[in-house]
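J.: Counting in my numbering, the sequence shown runs from 9 upward without gaps. I am attaching a structure below and will ask some questions about it afterwards.
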Amino acid sequence: MFLTLKNRLYQYVYVLSYIVFLASSVILLNSQFNNVYSAKSFLQWKIAGIVTLIVIFVQIVLLLTRRHGLKQWSVIGLMLIIFVLSYFLKLNVITSTLFLLFLFMANADLLSENAFATIDLATKLIILVVIFAFLIFHVFPSQNAISFTRGTSTRYAIGFTHPNVLSGFILSILCSALLLLQNIRKHFTYLIYALLLVVYLVIAYLTGSRGFMVAGAVLILGFGLSYSKRIVRWLPKVTWVIVSLTFVIGIGIGMVAWGSSLPLFNTLNNALSGRPGQQLTVIQYFYSPKIIGQNLPLLGARSNLWVDNTFLFILLSAGFIGLMLLLALFIGSAYKAKQDNNYFLCVILIALAVQGIIETQLTNAYMFAPFIYAFTQVVKDVPKRQRPVGRHARHARTF
C-alpha cells in the first residue's frame with residue numbers, strides 16, 4: 009500500500025513538473041511575450057531559467073530516491089558529473105535544458121508511453137489555445153508583433169516568436185497525436201490521413217517553414233508506409249543508422265567548404281535562403297569546432313549569423329562532446345523504440361533528425377516529448393524475463 013501511494017506521488021510530481029516546465033518555457037520564451045530582437049526579454053529568460061533549475065532539483069530528488077541498477081547509476085553519475093563541470097567551469101558542454109531532458113528520460117518509466125503522450129498532447133493543445141487567446145485579446149506587447157516575409161510572401165507566427173517556432177510546436181503536437189492514433193488508425197485511416205494532410209498544407213502555407221515541410225512529409229510518408237509489414241519490421245532495426253547518417257549530412261552541409269563557385273552549393277544555398285553560406289562564413293571567419301563548448305555571442309536571434317542547423321549549432325556551441333551527447337540521445341531513443349518494435353516512434357525520430365538539418369529547434373522544450381516517451385518502454389521493477397514485449401509493452405503501466 010505504501011509503495012503504491014509512493015509511486016502515485018512520484019507520478020504526480022513527475023507530470024506536474026513536466027507541465028510547469030513546458031508551459032513556462034513555451035509561453036515565456038516561445039510566445040510573443042518574449043521579444044527575441046531586443047534586450048527587453050531578459051526578465052522572461054530569467055524567470056524561465058529559475059523554473060528550469062527548480063524542476064531540475066525536483067527531478068534529481070525523484071531520481072536519487074528511486075532504485076537503479078549498477079549500469080543505470082553509472083550513466084546517472086556520468087551525466088551529473090558532466091553537467092556540474094559544464095555548469096560551474098563554463099565548459100558549455102551541456103545546457104541546463106538538455107540536462108533536464110536527460111532527467112525526464114531517466115524518470116520516464118514512472119508512466120506508460122501512451123499516458124505520457126496523452127499528457128503531452130493535452131498540455132500542448134491547451135498552451136496553443138492560450139497563446140491564440142492572448143493574441144486575439146491583444147495581451148502580448150504590441151512591439152513584439154513583428155512581421156515576417158520571404159521575398160513577396162508573408163509568413164505568420166500567430167502569437168509565437170517566429171513562424172518556424174509555430175511550425176515546430178505544431179510538429180511536436182502531430183508527433184504525440186499520431187503516436188496515440190496509430191492504435192486506432194485501422195478504423196479511421198482515411199479520416200486521419202485527410203486531417204494530417206490538411207494540417208500539413210495549412211501550416212506549411214502559413215509559416216513557410218522548410219523544416220516543417222520536410223519533417224511533416226516524413227511523418228505523412230511514414231504513416232502511409234505503415235501498411236507495409238516488411239518496412240514495419242525493417243525500420244526499427246536501422247533507425248539508429250538513418251539518424252547517424254542524418255547527423256553526418258547535417259554537419260557536412262554546414263562545414264564542407266565547397267566554395268560559392270560550385271553549382272550544387274549555390275543551388276542548396278539559394279533553396280535555403282543563404283543559410284548554408286552564412287554557416288560557412290561562421291566557420292571560416294568566426295568560430296571553429298572544438299572538443300568542448302564555447303561562448304557564441306554572434307550565433308543568436310539578435311544576430312545576422314544565426315545557424316539554422318541543429319547539428320552544426322550544437323557542434324559549435326557545445327563542442328564535439330555536446331554533439332556526441334545529442335547523437336547518444338537519438339540512438340538511445342531509437343534503441344528503446346526497437347525494443348518495443350514501435351515503428352511510428354522510429355518515424356518520429358527520423359522526422360526530427362531531418363528537421364534538425366534545416367532548423368535549430370530540437371533543443372526546445374516542446375521537442376522533448378518523443379525522447380521522453382521513447383524511454384517509457386523500460387519497466388525497472390519487473391524482472392526482464394517477465395516484461396511484456398512488442399506492442400503490449402507500451403501498456404505495461406498507466407497513469
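All C-beta atoms, glycine included, are put in the ideal place defined by N, C-alpha and C. All figures in this text were calculated on a predicted structure; none of them were measured in a lab.
Tell me whether Val69 is buried or exposed, calling it buried when 16 or more other Cβ atoms sit within 10 Å of its Cβ.
T.: Per the 10 Å Cβ criterion, exposed.
J.: When the Cβ atoms of the segment 313-327 are set against those of the segment 336-345, are three or more pairs found closer than 8 Å?
T.: With a cut-off of 8 Å, the segment 336-345 and the segment 313-327 do not count as touching, because too few Cβ pairs lie within range.
J.: Under DSSP, the alpha helix (DSSP H) around Thr318 begins and ends at which residues?
T.: Unbroken alpha helix (DSSP H) run through Thr318: Thr318 to Gln347.
J.: In angstroms, rounded to a whole number, what distance separates the CA positions of Leu72 and Pro378?
T.: Their backbone Cα atoms lie some 24 Å apart in a straight line.
J.: Thinking just about the alpha-carbon of each residue, which of Arg238, Asn274, Asn350 and Ile291 is nearest to the one in Phe321?
T.: When each option's Cα is compared against that of Phe321, the closest is Ile291.
J.: For Lys237, which of helix, strand or coil comes out of DSSP?
T.: Here Lys237 sits in helix by DSSP.
J.: Under three-state DSSP, which class holds Thr131?
T.: Three-state DSSP puts Thr131 in a helix.
J.: What are the complete alpha helix (DSSP H) segments, minimum 4 residues, inside the segment 202-236?
T.: Taking only runs of at least 4 residues, the alpha helix (DSSP H) segments lying wholly in the segment 202-236 are 218-233.
J.: Out of curiosity, what's the CA-to-CA distance linking Ala373 and Val34?
T.: Their backbone Cα atoms lie some 7 Å apart in a straight line.
J.: Does DSSP put Val386 in a helix, a strand or coil?
T.: Because the pLDDT of Val386 is 48, which lies under 50, any placement of that residue in the model is unreliable, and the question is left without a value.
J.: Which of the three DSSP states, helix, strand or coil, is assigned to Ile291?
T.: Helix at Ile291.
J.: Beta-carbon within less than 6 Å of Phe156's beta-carbon, same chain only, minus the 5 sequence neighbours each way: which residues are those?
T.: Cβ within range, chain order: Arg163 and Pro171.
J.: Once you ignore the five residues that flank Lys388 on each side, which residues in its own chain have a CB closer than 6 Å to its CB?
T.: In this prediction, Lys388 scores a pLDDT of 38, lower than 50, which makes its location untrustworthy; no coordinate-derived value is stated.
J.: When the Cα of Leu205 is compared with those of Phe231, Leu253 and Met375, which residue comes out closest?
T.: Closest by alpha carbon: Phe231.
J.: Could you check where the beta strand (DSSP E) with Ser161 kicks off and where it finishes?
T.: Run containing Ser161: Ser161 to Arg163, per the beta strand (DSSP E) assignment.
J.: Who are Thr157's beta bridge partners in DSSP?
T.: Partner(s): Thr162.
J.: Ignore the nearest five residues each way along the sequence and tell me which others in Ser409's own chain have a CB closer than 6 Å to its CB.
T.: Because residue 409 is not part of the residues shown, which for the chain are 9 to 407, the question remains open.
J.: With a 10 Å radius around its C-beta and 16 neighbouring C-beta atoms as the bar for buried, classify Arg283 as buried or exposed.
T.: Counting Cβ neighbours within 10 Å, Arg283 comes out buried, since at least 16 surround it.
J.: Mark Asn278 as exposed unless 16 or more other C-beta atoms lie within 10 angstroms of its C-beta, in which case mark it buried.
T.: When all chains shown are included, Asn278 counts as exposed.
J.: Can the beta-carbon of Val59 be found closer than 8 Å to that of Ser94?
T.: Cβ atoms of Val59 and Ser94: not closer than 8 Å.
J.: Taking the C-alpha atoms as reference points, what is the distance between Leu179 and Trp81?
T.: Going from the Cα of Leu179 to the Cα of Trp81 covers about 34 Å.
J.: Out of curiosity, what's the CA-to-CA distance linking Ala56 and Thr105?
T.: Going by the C-alpha atoms only, they are around 10 Å apart.
J.: Would the segment 185-192 count as touching the segment 123-132 if we require 3 or more Cβ pairs under 8 Å?
T.: Because the criterion of three Cβ pairs below 8 Å is met, the segment 185-192 and the segment 123-132 touch.
J.: Considering only C-alpha positions, which residue in the set Leu331, Phe110 and Leu37 is nearest to Thr384?
T.: That would be Phe110, whose Cα lies nearest to the Cα of Thr384.
J.: If you follow the alpha helix (DSSP H) that Thr60 is in, where does it begin and where does it stop?
T.: Looking at the DSSP string, the run of the alpha helix (DSSP H) that includes Thr60 is Phe50 to Leu72.
J.: Output the boundary residues of the alpha helix (DSSP H) element that contains Asn152.
T.: Segment: none, Asn152 is in no alpha helix (DSSP H) and carries neither H nor E.
J.: Compare the beta carbon distance of Tyr208 and Gly219 with 8 Å and say whether it is the shorter of the two.
T.: No. Outside cutoff.
J.: Please state whether DSSP places Ser120 in a helix, a strand or coil.
T.: Note: Ser120 maps to coil in three-state DSSP.
J.: Alpha carbon to alpha carbon, how far is Leu143 from Arg158?
T.: Rounded to whole angstroms, Leu143 to Arg158 spans 23 Å at the Cα level.
J.: Could you give the C-beta distance for Phe319 and Phe376, rounded to a whole number, given that I count them as a contact under 8 Å?
T.: At roughly 18 Å, the Cβ-Cβ gap does not stay under 8 Å, so Phe319 and Phe376 are not in contact.
J.: First and last residue of the alpha helix (DSSP H) that includes Met375?
T.: From DSSP, Met375 is part of no alpha helix (DSSP H); its letter is neither H nor E.
J.: Could you give the distance in angstroms between the alpha-carbon of Ile250 and the alpha-carbon of Leu335?
T.: Rounded to the nearest angstrom, the two C-alpha atoms are 12 Å apart.
J.: If you count every other CB in all the chains shown that lies within 10 Å of the CB of Val137, and 16 or more means buried, which is it?
T.: Burial call: exposed.
J.: Just the Cα atoms here: how many angstroms apart are Gln241 and Thr247?
T.: In the sequence as presented, Gln is not what sits at residue 241; that position holds Arg. About 11 Å.
J.: Residues in its own chain within less than 7 Å of Leu233 by CB, not counting five upstream and five downstream?
T.: Counting only Cβ-Cβ distances below 7 Å, and skipping sequence neighbours, we find Ile239.
J.: Within 10 angstroms of the Cβ of Leu229, are there 16 or more other Cβ atoms? Answer buried if so, exposed if not.
T.: Exposed: under 16 other Cβ atoms inside 10 Å.
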